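Enquirer:
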Amino acid sequence: MSSSPRQSSPSQTSPSPKAAATGSTPVEINGKLRVCGTHLCNQSGQPIQLRGVSTHGLQFAPDCYPDAALDAIAHDWHADLLRIAMYVQEGGFETDPAGFTAKVNSLVDKASARGLYALIDFHILNPGDPAFNLERARTFFASVAKRNAAKRNVLYEIANEPNGVSWAAIKAYAQKVIPVIRQQDPDAVVIVGTRGFSSLGIAEGSGAAETIADPLDFADVMYAFHFYAASHKDNYRAELTKAAARLPMFVTEFGTVTFTGGGTFDAESTNTWLDLLDRLKISYANWTFSDIDESSAALRPGTCQGAQFADTGVLSPSGKLIRARIRAR
Ligand code: IDC
218 MSSSPRQSSP
228 SQTSPSPKAA
238 ATGSTPVEIN
248 GKLRVCGTHL
258 CNQSGQPIQL
268 RGVSTHGLQF
278 APDCYPDAAL
288 DAIAHDWHAD
298 LLRIAMYVQE
308 GGFETDPAGF
318 TAKVNSLVDK
328 ASARGLYALI
338 DFHILNPGDP
348 AFNLERARTF
358 FASVAKRNAA
368 KRNVLYEIAN
378 EPNGVSWAAI
388 KAYAQKVIPV
398 IRQQDPDAVV
408 IVGTRGFSSL
418 GIAEGSGAAE
428 TIADPLDFAD
438 VMYAFHFYAA
448 SHKDNYRAEL
458 TKAAARLPMF
468 VTEFGTVTFT
478 GGGTFDAEST
488 NTWLDLLDRL
498 KISYANWTFS
508 DIDESSAALR
518 PGTCQGAQFA
528 DTGVLSPSGK
538 LIRARIRAR
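Be aware that the sequence shown starts at 218, since it is given in my numbering, and climbs by one per residue.
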């Protein structure tokens, strides 16, 4: 489709003849990204949609991201984007800052080698107040932004799912963390979680209006929206549609199942969601490219102990649907 950053058929809109001539990976075609208006745009200023997958927590699925897995994501799934979910709690970054920073950088390199965009996710969840992790965020982002500043393909997500806090509190955190990134990497795209588990506030009785009324005053900033297709339906879709007319939105995480990460796999709701994201050119990453034993995982349990990651034989029902949607251009 024309919104794809990849050019697999001559009928697609070319981002720019010059860019197209330099290669065929998502990063070769689109180069350095920026935000223009309410869209994510490529180096030529053309709105694009990135489609991709999220890792599981790096501490929960340590065997799921060898080279063969990255090859499958890039060359079999034809994804544009890898989201690197680095939990801060639950045995994550706080237990070994240097070790988790190195794991993130290693995955950035694997994504870069394959021409994929890499989204570095500071995966706060519990506690939901990002201020709890402010010093850790400063340390982490100063380090990864410095190390990766010369790359064209790195995006930063500074707070996965704030919860139990106001948009004003999230904004105050973002105003402290964004300059830390900008000091190293002045024009990287930065994505900020929204109130109520990145629901634009819906999950906590609010809605998009509060963010629309009080946006961040930085260039190249986007706002995260998350959904789980079996749990979140028309009211969530309506709020995202409303927000996307005013704010640059990025679905940095979504599942095909319930918000627990398990339960019913809802193909119908997922397809309705992905049709909407395609129509609005909203980029997305699916939770998760992993073999954790839960219905959101794209890989069947045990897959990560083997060497085979490509093709459909290793996929769960969710994985089959998402792979097909990402490949369909
Ligand atoms: C879930 C994982 C699950 C893990 C749990 C730990 O699927 O295996 O045990 O985290 O916290 C989110 C979060 C994401 C959740 C996911 C499913 O961003 O961390 O992952 N979810 O519950 N928000 C809504 C759903």
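Ideal Cβ placement from N, Cα and C applies to all residues, glycine included. Being a predicted model, the structure only gives us computed values, none of them experimental.
Three or more C-beta pairs closer than 8 Å, one from the stretch 351-362 and one from the stretch 396-405: is that the case here?
Expert: Judged by Cβ distances under 8 Å, the stretch 351-362 makes contact with the stretch 396-405, as three or more pairs qualify.
Enquirer: Shortest alpha-carbon distance to Cys281 belongs to which of Asp528, Ala524 and Ala541?
Expert: The candidate whose alpha carbon is nearest that of Cys281 is Ala524.
Enquirer: Between Gly248 and Gln260, what straight-line distance do the alpha-carbon atoms span, to the nearest angstrom?
Expert: Cα to Cα, Gly248 sits roughly 5 Å from Gln260.
Enquirer: Is it the case that the CB of Glu511 approaches a heavy atom of the ligand IDC more closely than 7 Å?
Expert: It does: the Cβ of Glu511 is within 7 Å (strictly closer) of some heavy atom of the ligand IDC.
Enquirer: Can you tell me whether Val513 is buried or exposed, with buried defined as 16 or more other CB within 10 angstroms of its CB?
Expert: Residue identity check: residue 513 is Ser in the sequence provided, not Val. Classification of Ser513: buried, given that the 10 Å Cβ count is 16 or more.
Enquirer: Would you report the Cα separation of Ala238 and Glu245, rounded to the nearest angstrom?
Expert: Residue placement at Ala238 is poorly supported in this model, since its pLDDT is 44, which falls under 50; the coordinates are not used for a value here.
Enquirer: I believe Glu378 touches His443 by the beta-carbon criterion, under 8 Å. Please report the beta-carbon distance rounded to the nearest angstrom.
Expert: Glu378 to His443, Cβ: 7 Å. Contact.
Enquirer: When DSSP builds the beta bridges, which residues end up paired with Tyr501?
Expert: Answer is Arg268 and Val468.
Enquirer: Enumerate in chain order the residues of its own chain whose CB-to-CB distance from Thr458 is below 8 Å, with the five nearest sequence positions on each side excluded.
Expert: The residues are Leu493 and Leu497.
Enquirer: Tell me the DSSP secondary structure of Asp338 in three-state form.
Expert: Residue state, collapsed to three classes: strand.
Enquirer: Hey, how far is the Cα of Val531 from the Cα of Lys393?
Expert: Val531 and Lys393: Cα-Cα distance of roughly 43 Å.
Enquirer: Which stretch, first to last residue, makes up the alpha helix (DSSP H) that contains Leu324?
Expert: Its alpha helix (DSSP H) spans residues Pro314 to Ala330.
Enquirer: Just how far apart, CA to CA, sit Val468 and Thr428?
Expert: When rounded, the distance between both Cα atoms is 16 Å.
Enquirer: From Gly519 to Ser507, what does the alpha carbon distance come to, in whole angstroms?
Expert: Cα-Cα distance, rounded: 10 Å.
Enquirer: DSSP on Val406, reduced to helix/strand/coil?
Expert: Of the three classes helix, strand and coil, the one that applies to Val406 here is coil, per DSSP.
Enquirer: Roughly how many angstroms separate the alpha carbons of Thr481 and Tyr453, rounded to a whole number?
Expert: Rounded to the nearest angstrom, the two C-alpha atoms are 18 Å apart.
Enquirer: Report the rounded CA-to-CA distance for Gly583 versus Ser241, giving the unit in angstroms.
Expert: Nothing can be reported for residue 583, as the shown portion of the chain is limited to 218 through 546.
Enquirer: Nearest to Asp510 by CA position, among Gln306, Thr477 and Ala484, is which residue?
Expert: It is Thr477.
Enquirer: If we ignore side chains and look at the alpha-carbon of each, how far apart do Gln542 and Leu491 end up?
Expert: According to the sequence shown, residue 542 is Arg rather than Gln. Approximately 8 Å between the Cα atoms of the pair.
Enquirer: Looking at the secondary structure, which residues open and close the alpha helix (DSSP H) in which Tyr304 lies?
Expert: No alpha helix (DSSP H) holds Tyr304; the beta strand (DSSP E) holding it covers Leu298 to Tyr304.
Enquirer: With a threshold of 6 Å on Cβ separation, who are the neighbours of Cys258 within its own chain once the five nearest residues in sequence on each side are excluded?
Expert: Only Arg251 and Pro264 meet the Cβ criterion.
Enquirer: Would you say the beta carbon of His292 is closer than 7 Å to some non-hydrogen atom of the ligand IDC?
Expert: No - the ligand IDC has no heavy atom lying nearer than 7 Å to the Cβ of His292.
Enquirer: So what does DSSP say about Leu417, is it helix, strand or coil?
Expert: Here Leu417 sits in coil by DSSP.
Enquirer: State buried or exposed for Pro396, treating a residue as buried only when at least 16 other CB atoms are found within 10 Å of its CB.
Expert: Classification of Pro396: exposed, given that the 10 Å Cβ count is below 16.
Enquirer: What does Ala441 pair with, by DSSP beta-bridge criteria?
Expert: Answer is Phe467, bridged to Ala441.
Enquirer: Does the distance from the C-beta atom of Glu456 to that of Ile419 stay below 8 Å?
Expert: Contact flag set, yes.
Enquirer: May I ask you to check if the CB of Leu342 is nearer than 7 Å to at least one heavy atom of the ligand IDC?
Expert: Leu342: yes, Cβ under 7 Å from the ligand IDC.
Enquirer: Measure the C-alpha to C-alpha separation of Gly410 and Glu374 and round it to an integer number of angstroms.
Expert: So the two alpha carbons sit approximately 7 Å from each other.
Enquirer: Considering only C-alpha positions, which residue in the set Ala545, Arg517, Gly269 and Gly308 is nearest to Ala328?
Expert: Of the listed residues, the one whose Cα sits closest to Ala328 is Gly269.
Enquirer: Need the endpoints of the beta strand (DSSP E) that Leu457 sits in, please.
Expert: Unbroken run through Leu457 is the alpha helix (DSSP H), Asp451 to Ala461; no beta strand (DSSP E).
Enquirer: Which residues in the same chain as Leu372 place their Cβ atom closer than 6 Å to its Cβ, once the five residues preceding and following it in sequence are excluded?
Expert: Hits under 6 Å: Leu336 and Val406.
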